[in-house]
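Participant: Sharing a structure with you now.
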Amino acid sequence: MGRQFFVGGNFKMNGNIKTIRDIVHNINSAKLDPNVEVVIAPPALYLLLAREHLRKGIEVAAQNVFDKPDGAFTGEISVKQLKESGITWTLTGHSERRVILQEDDAFVASKTKAALDGGLGVILCCGESLEQREAGKTIEVVTAQLKAVADIVKDWSKIVIAYEPIWAIGTGKVATTAQAQEVHAAIREWLKKEVSPEAAEATRILYGGSVNEKNCTELGKQPDIDGFLVGGASLKPAFVDIINANS
Ligand code: PEP
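All residue numbers for the sequence shown refer to the UniProt record's numbering, where the first residue is 1 and numbers rise by one.
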């Protein structure tokens, strides 16, 4: 069986009650390709609002989660709290958290494990900086990020990998289809060797980084690109066109 196309929308720290309602309304009233799995990740404050109003069949993700079950961790949200609120996915390892909040590979892996153990699906983000790409270290960096997870997680069936080159996030500089496909194929090869041939075959690998309604169709045709993680464009009506990129 082929891999189901997956499109995630990461709103980051954008929006307010009105705009979140508007985006949800836009998604609810659109004709969406039924073969595409769609997950949106609003800011934590609006997770419940989105879940309450979003139509069935579209899931909601947290942008972040903590790796401890409960306790004195001011400002953090647990896996159990997300689950109780009907939130079924979380992002982990987004580059903005890795770079700005200084989350290292081990912490990202620990959060990924906690989320999976608690029954959430995980959109696990990885990607290199421009400096690392120019030094020829892209695959090394990305696989090191993934290895930290593979060291403590054996079952990858609820992980979706998002390859997001940092230099392409929010910059308007999208990776070429060849650049993206090359890294996606390398990730699949890595999965085959380091996790299992089954995981390599089944794991969705999304591309993220300035995806919009114009560039998504070509990217989506690549054999190892199984969908997108969309930032800026997920806040716009064109998000629907990205969901329908390959229909
Ligand atoms: C993201 O934040 O995951 C992302 C890909 O952002 P953008 O689409 O805005 O580059």
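Glycine is no exception: its CB is placed at the ideal position from the N, C-alpha and C atoms.
Here the structure is a predicted model, which is why all the values come from computation and not from measurement.
Please state if the CB of Val-65 and the CB of Met-90 are separated by a distance shorter than 8 Å.
Facilitator: Checking the displayed sequence, the identity of residue 90 turns out to be Thr instead of Met. Yes, Cβ-Cβ distance for Thr-90 and Val-65 is below 8 Å.
Participant: Taking 7 Å as the cut-off, does the CB of Asn-215 come closer than this to any heavy atom belonging to the ligand PEP?
Facilitator: For the ligand PEP, not one heavy atom lies less than 7 Å from the Cβ of Asn-215.
Participant: Between the alpha carbons of Ile-123 and Arg-97, how many angstroms are there, rounded?
Facilitator: Whole-angstrom Cα-Cα distance: 14 Å.
Participant: With burial defined as no fewer than 16 other Cβ atoms inside 10 Å of the residue's Cβ, what is the status of Arg-55: buried or exposed?
Facilitator: Looking at its Cβ environment, which holds fewer than 16 other Cβ atoms inside 10 Å, Arg-55 is exposed.
Participant: Give the DSSP-derived three-state secondary structure of Gly-232 in the structure shown.
Facilitator: DSSP places Gly-232 in helix when its eight states are reduced to three.
Participant: If you check the beta carbons only, do Ala-186 and Trp-156 fall under 8 Å apart?
Facilitator: Their beta carbons are not under 8 Å apart, which means Ala-186 does not touch Trp-156 by this criterion.
Participant: Just checking Asn-10 against the ligand PEP - is the residue's beta carbon closer than 7 Å to any of the ligand's heavy atoms?
Facilitator: Yes, the Cβ of Asn-10 comes within 7 Å of a heavy atom of the ligand PEP.
Participant: With DSSP collapsed to three states, give me the class of Asn-28.
Facilitator: Helix.
Participant: Going by the beta-carbon positions, is the gap between Thr-203 and Ile-159 smaller than 8 Å?
Facilitator: Yes, these two residues count as a Cβ contact at 8 Å.
Participant: Can you tell me where the alpha helix (DSSP H) holding Thr-143 begins and where it ends?
Facilitator: Note, Thr-143: alpha helix (DSSP H), 138 to 150.
Participant: Could you check where the beta strand (DSSP E) with Gly-121 kicks off and where it finishes?
Facilitator: Note, Gly-121: beta strand (DSSP E), 121 to 126.
Participant: Should Phe-73 be labelled buried (16 or more other beta-carbon atoms within 10 Å of its own) or exposed?
Facilitator: Exposed is the call here.
Participant: Can you give me the C-alpha to C-alpha distance between Leu-45 and Leu-206, rounded to a whole angstrom?
Facilitator: In a straight line, the C-alpha of Leu-45 is about 26 Å away from that of Leu-206.
Participant: Verify the CB distance criterion: does Leu-48 have a CB-CB separation below 8 Å to chain D?
Facilitator: Structure shown: chain D not included; a single protein chain is present.
Participant: The ligand PEP and Ile-169: does the residue's C-beta get closer than 7 Å to at least one heavy atom of that ligand?
Facilitator: For the ligand PEP, at least one heavy atom lies less than 7 Å from the Cβ of Ile-169.
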